[in-house]
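The opening residue of the sequence shown carries number 23 in this note's numbering; numbering runs sequentially from there.
Even for Gly, the Cβ is constructed at its ideal location relative to N, Cα and C.
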Amino acid sequence: MRTRNIITGVTAVIGGVYAVSQLGTGMFGIISGVNVAVIITIAGLFIGKRLDWKEEEEMGFKVEDERTQLIDGKASKVGFKFGNYVWLALIYYDFTAERYMPWPKFNSQEMLLFGLLFNLGIYFASMLYYRKQV
């Protein structure tokens, strides 16, 4: 494991804990803390990947091969399709809870955070699945 990934993980945990300490330990605070940690992790991994690509490009290697493009395309397709179903389910749940059922309602921030986290989770799960399959 690279030192850069360890530093990214530690920074993500610290950012998530800081967000929870500032926003409270309620549902919104915890989801926001997880969201901050996920965003920091994704940004760190993205920057690290870009640095690796630049290094490989300078050494003369091809940055992305056909297999990687195929995996990314399939994972993006699955993430987009099932992510839309998650968003629709959240919207219909909120509509039903407001109009017909005595269920607890989401406020808009919670619904956005749930949807984004599920969407990212579906994408990364499908990415891991297709890496093993292809």
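CB-CB under 7 Å to G38, same chain, minus the five flanking residues each way: which ones, in chain order?
As a first step, residue 38 must be located in the sequence shown, where it is residue number 16. Taking C-beta separations shorter than 7 Å and ignoring five residues to either side along the sequence, the partners of G38 in its chain run G55, V56, V58, A59, following chain order.
Just curious, the alpha helix (DSSP H) that F136 is in, first and last residue?
On the sequence shown, position 114 is the one that residue 136 refers to. For F136, the uninterrupted alpha helix (DSSP H) segment begins and ends at 130-155.
Where the alpha helix (DSSP H) containing Y114 begins and where it ends
Sequence index remark: in the sequence shown, residue 114 carries index 92 (1-based). In the DSSP assignment, Y114 falls within the unbroken alpha helix (DSSP H) covering 88-121.
Is it buried or exposed, A42, if we count other Cβ atoms within 10 angstroms and call 16 or more buried?
Taking the sequence shown and counting its residues from 1, the one referred to as residue 42 is at position 20. Sequence inspection shows Val at residue 42; the Ala mentioned does not correspond to that position. So V42 ends up on the buried side.
Indicate the three-state DSSP secondary structure (helix, strand or coil) for W125 in the structure shown.
Against the sequence shown, residue 125 aligns to sequence position 103. Looking at W125 - three-state DSSP - the assignment turns out to be coil, as it is neither helix nor strand.
Using the rule of at least 16 other Cβ atoms within 10 Å of the residue's Cβ for burial, across every protein chain shown, is A97 buried or exposed?
Position 75 of the sequence shown, counted from the start, is the residue given in the question as residue 97. By the neighbour-count rule (16 or more Cβ atoms within 10 Å), A97 is buried.
Helix, strand or coil at R72 [DSSP, three-state]
What you label residue 72 is simply residue 50 of the sequence shown in a count that begins at 1. Helix, per DSSP.
Look at the Cβ atom of I69, then the Cβ atom of R153, and state whether they are nearer than 8 Å.
Walking along the sequence shown from the start, residue 69 turns up at place 47. Walking along the sequence shown from the start, residue 153 turns up at place 131. For I69 and R153, no; Cβs fall outside 8 Å.
Judging by CA-CA distance, which residue of M149, R121, Y145, Q131 is the nearest neighbour of G48?
Your numbering for residue 48 matches position 26 in the sequence shown. Answer by Cα proximity: Q131.
Tell me the residue span of the alpha helix (DSSP H) that contains R26.
In the sequence shown, residue 26 corresponds to position 4, counting from 1. Per DSSP, R26 belongs to the alpha helix (DSSP H) from 25-45.
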